[in-house]
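Undergrad: Have a look at this one.
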Amino acid sequence: MAQSTNSQPAIESILQEQRLFAPPAEFAEAAAISGADQYQALYDKAAADPAAFWAELAEQELHWFKQWDTVLDWQPPFAKWFVGGKITISYNCLDRHLEPHRRDKPALVWEGEPGDARTLTYAELHAEVCQMANVL
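Note that the working numbering gives residue 1084 to position 38 of the sequence shown, counting from 1, and the numbers run on in steps of one.
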């Protein structure tokens, strides 16, 4: 066992895992990123122009009440992203999923230690959130 500088034994890992576990084909086909090649292409695109990469994703994936004026205002060591944009996180996390095609799909799945479980659809979660908002 290796010794550390404070006379305590250092923990040394000797396990070298080499096995690969491929996902089921059905899962892989439905994945947003199909494999290592697509991941590397996305990584390279983000590295080449981070502001353009994140602007494209933000425009595609989020609902903006007001589009940003500037994607990135970088004044080291401070960075401001999507300057001038107006967005509501609660709308993007919950409200926009209340459309008929998604409202009855699971939004939250909770499983407790003794095996109890609760699943809330987007519609049910919205009702719970509204109820809590009324409490506050």
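Just so it is clear, CB atoms sit at the ideal spot from N, CA and C, and this is done for glycine as well. Quantities reported herein were computed from a predicted structural model and do not represent experimental measurements.
Over what stretch of residues does the beta strand (DSSP E) that includes Asp1119 continue unbroken?
TA: From DSSP, the beta strand (DSSP E) with Asp1119 extends over 1116–1121.
Undergrad: Buried or exposed, going by whether 16 or more other CB atoms sit within 10 Å of the CB of Leu1171?
TA: Buried: at least 16 other Cβ atoms inside 10 Å.
Undergrad: To the nearest angstrom, report how far apart Leu1154 and Val1129 are at their CA atoms.
TA: Approximately 31 Å, taken between the alpha carbons.
Undergrad: Going by beta-carbon coordinates alone, are Phe1111 and Ile1079 separated by less than 8 Å?
TA: Not in contact: Phe1111 and Ile1079 (Cβ atoms no closer than 8 Å).
Undergrad: What are the boundary residues of the beta strand (DSSP E) that includes Glu1157?
TA: From DSSP, the beta strand (DSSP E) with Glu1157 extends over 1152–1157.
Undergrad: If distances are taken between C-alpha atoms only, which option among Glu1075, Tyr1089, Tyr1168 comes closest to Ser1136?
TA: Among Glu1075, Tyr1089, Tyr1168, the Cα nearest to that of Ser1136 is on Tyr1168.
Undergrad: Taking all protein chains shown into account, do 16 or more other C-beta atoms lie within 10 angstroms of the C-beta of Val1010, making it buried, or fewer, making it exposed?
TA: Summary: the structure shown does not reach residue 1010, with the chain confined to residues 1047 through 1182, and so no result is reported for it.
Undergrad: Return the first residue and the last residue of the beta strand (DSSP E) that Lys1091 is part of.
TA: No beta strand (DSSP E) contains Lys1091, which is instead part of the alpha helix (DSSP H) from 1082–1094.
Undergrad: Do you know offhand how far Gln1177's Cα is from Leu1166's?
TA: In a straight line, the C-alpha of Gln1177 is about 14 Å away from that of Leu1166.
Undergrad: How is the alpha helix (DSSP H) around Ala1071 delimited, first residue to last?
TA: Residues 1071–1076.
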